[in-house]
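Each step along the sequence shown adds one to the number in our numbering, with nothing skipped, and position 122 is 120.
What follows is a set of notes on a single structure, which appears directly below.
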Amino acid sequence: MKIKKWIPAALALWASAVVFSQVQQDTVQVEQQENTVLDITTDSQGGELPVLKTEIDSLVVDSLSWKRFTYPEVDAYEENFLTELYNNDLYDYMHDEIVQMDYSEIVTQKLPTDTLKARLKQINAETPFQIDYNPILEKLINKKLGYQRVYLERLMTLSDYYFPMFEEYLDKYDIPLEMKYLAVVESALDPRIKSRVGATGLWQFMFTTGRNYGLEVNSYVDERMDPLKATEAACKYLRSLYNIYGDWDLALAAYNSGPGNVNKAIRRSGGYKNYWNLRPYLPRETAGYVPAFQSIMYLFKYAKEHGFQPARPTVKSIATDTIRVKQMITLEHVAQFTDEDLEVIQFHNPSYKLDIIPVIKGKNYNLRLPLYAAGRFVSNEDSVYAFAKAQFEKREKPLPELLKAPDRVRYTVRKGDYLGKIARKYGVRVSQIKRWNGLRSNNLRIGQRLYIHPRKPVATQTIKKSDDATSHTVKTGDSLWKISQAYGTSIANLKKLNPQKSKDLQPGMVLKLK
């Protein structure tokens, strides 16, 4: 994908949601009266944010009558956003840089050494981290400036969504705000990423460590992938490491390799406690870890001076909100009733491993949605749960059996395919397709064969179609979600091709498909 095409890609996410930390309430509570105010949320300062009836029209069971509050300035970004949502090659870039960096290679000088020294000195004065000039750090920064600009701009774009959330918890636990760059190094800001050794989520918790810090992991839920809960757990862990060493650089090293390896390095070095003196005695990955962290800190702080131009949010006034789930439901059911793209709902709810939100006695599980979608959900909550129950009951086998992967199918990549599209077709995740086929990036070629373990039947569409169909005539009961699933396209693409008709579907309308 061309770089210029990607730049606006992620804007739809930020246009559909304010950072999680900006909305503090636990559940959506909607007034049943015919008042103009449907809901009251609170911002991060405790101020009230009214949700007006004019902003969220009532949603009835008949999908042809669904209405939504639209944001035209956002729609143009949605198709590219959905393509890039699962583009987790950023993690491979960050991980390979730490583990495989050859510090003996010749790197083109992009930044005068004197300028770098002066800027590092300024950063050092502003942070409790020990940021000193070092030839290894200089080489790493110059390497990134040489040919990795596209990755850095994408990371900077993602940071606009996650950093405010991180900073709230870092401040709560009295941790330097610069520690937010640790998540960039750990996960490339991908909440669903899993390393080769099983570390998972934004902060890359191993199974045992995550549980020790209160993160639940079961067959349905993995809270290591929950941005809020994992961030708080990471802050608790970092604070405990700092209490051991009294040094943030050593706390970083211990976060990566464990306190045992740091303690052994101190002994082998003869008692040194400065990271750079310990570096030769640390595991290879940890030896590249702190330099990577410091290089990211420098490049983010001096992004403007180096000409980085990441995409920035254009709309920040739309909040997300949470709904406490009362009955078992799938994210696909939510997508169907809110006419929201499944990928968007998955992004806001990354901790549900099977895209199923369970209901377990003594536990509370929440669904997070963009505010307009949350309003539509709660207006029809009973209908949504009834629909979900009916769908579960239709299945021939008990739910646990259905959660097992069916026999493997072989899929041949065709023109216009991308991993997100194929994943939607089979009800799986892009990360699963990549793992099953040993893919290191999202790039596909026509004719390439992929092995997939589908979670849903492929040919169960209620809408008749042909592979070369260019239009669809709307019938009673149709919705954008149903049509998009039938033709292997996305809701965003249908909106783009039918900007006026898609706002208010009516029987007899002819929608363009290509």
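For every residue, glycine included, the Cβ atom is placed at its ideal position computed from N, Cα and C.
N- and C-terminal bounds of the beta strand (DSSP E) containing residue i
i      : result
Pro189 : Unbroken run through Pro189: none, as it is neither H nor E.
Arg322 : 318 to 322
Ile450 : 447 to 450
Arg408 : 407 to 410
Contact under 8 Å by Cβ, residue i with residue j
i      : j      : result
Arg322 : Asn261 : no
Ala231 : Leu200 : no
Val376 : Lys324 : no
Leu367 : Tyr409 : no
Leu225 : Pro189 : First, the amino acid is wrong: residue 225 is Pro here, not Leu. In this structure, Pro189 lies closer than 8 Å to Pro225 by Cβ.
Pro497 : Thr474 : no
Tyr171 : Thr229 : no
Asp169 : Thr198 : no
Ala249 : Tyr240 : yes
Leu138 : Ile129 : no
His331 : Ala386 : yes
Val195 : Phe205 : no
Thr125 : Glu176 : yes
Leu213 : Lys227 : yes
Asn140 : Leu109 : yes
Tyr160 : Leu187 : yes
Phe390 : Trp246 : no
Close Cβ partners of residue i (< 6 Å) along its chain, the five nearest in sequence each way excluded
i      : result
Ala371 : Thr336, Glu338
Thr328 : Asp353, Ile354
Lys512 : Thr468
Asn254 : Thr284, Tyr287
Val508 : Ser469, Thr471
Arg406 : Tyr449, His451
Asn514 : With the chain represented from -1 up to 512, any question about residue 514 goes unanswered, as that position is not in the structure.
Val382 : Phe335
DSSP beta-bridge partners of residue i
i      : result
Val368 : Before going further, note that residue 368 is Pro rather than Val in the sequence given. BP columns for Pro368 point to Thr318.
Thr113 : Paired residue(s): none; Thr113 is not in a bridge.
Ser469 : Lys510
Ile327 : Ile355
Thr198 : Lys192, Phe203
Minimum Cβ-Cβ distance from residue i to chain D less than 8 Å
i      : result
Phe385 : No chain D is present in this structure, which holds just one protein chain.
First and last residue of the uninterrupted alpha helix (DSSP H) at residue i
i      : result
Glu214 : Premise fails: Glu214 is in no alpha helix (DSSP H) and is neither H nor E.
Tyr171 : Run containing Tyr171: none; DSSP gives neither H nor E here.
Glu221 : Where Glu221 is concerned, there is no enclosing alpha helix (DSSP H), given that its DSSP letter is neither H nor E.
Asn210 : 205 to 210
Val183 : 179 to 185
Asn491 : 489 to 495
Val426 : No alpha helix (DSSP H) contains Val426, which DSSP labels as neither H nor E.
Ser482 : 478 to 485
Contact set for residue i: own chain, Cβ-Cβ below 8 Å, skip 5 residues either direction
i      : result
Pro281 : Ser255, Asn259
Thr207 : Tyr235
Arg147 : Phe306
Tyr300 : Arg117
Tyr270 : Ile264, Leu276
Sequence-distant residues of the same chain with beta carbon closer than 7 Å to residue i, five excluded per side
i      : result
Ser561 : This structure cannot settle anything about residue 561, because the visible part of the chain is limited to -1 through 512.
Ile489 : Asp337, Asp339, Leu478, Trp479, Ser482
Leu150 : Lys142, Leu297, Phe306
Glu556 : Look at the range of the chain in this structure, -1 to 512, and you will see that residue 556 is not part of it.
Ile444 : Val411, Arg412, Lys413
Tyr218 : Tyr350, Lys351, Leu352, Ile354, Pro356
Phe164 : Lys178, Ala181, Thr229
Leu492 : Leu478, Ile481, Ser482, Ser500, Leu509
Lys419 : Gly486
Ala263 : Leu276, Tyr279, Leu280
Gly44  : Residue confidence is low: Gly44 scores 45 on pLDDT, short of 50, so the model does not pin down where it sits. No coordinate-derived value is stated.
Pro398 : In this prediction, Pro398 has a pLDDT of 49, which is less than 50 and means its spatial position is unreliable; nothing more can be read from the coordinates.
Asn347 : Leu329, Leu365, Arg366
Cβ-heavy atom distance, residue i to the ligand FMN, below 7 Å
i      : result
Lys512 : As presented, the structure is devoid of all ligands, the ligand FMN included, so that no description of it is given.
Checklist line | Secondary structure, beta strand (DSSP E): runs of 3+ residues fully inside the stretch 249 to 324 | finding: 318 to 322
Next item on the list: Entirely within the stretch 335 to 382 and at least 4 residues each: give me those alpha helix (DSSP H) ranges in chain order.
Entry: 340 to 346, 369 to 377
Next item on the list: Entirely within the stretch 120 to 157 and at least 4 residues each: give me those alpha helix (DSSP H) ranges in chain order.
Entry: 133 to 145
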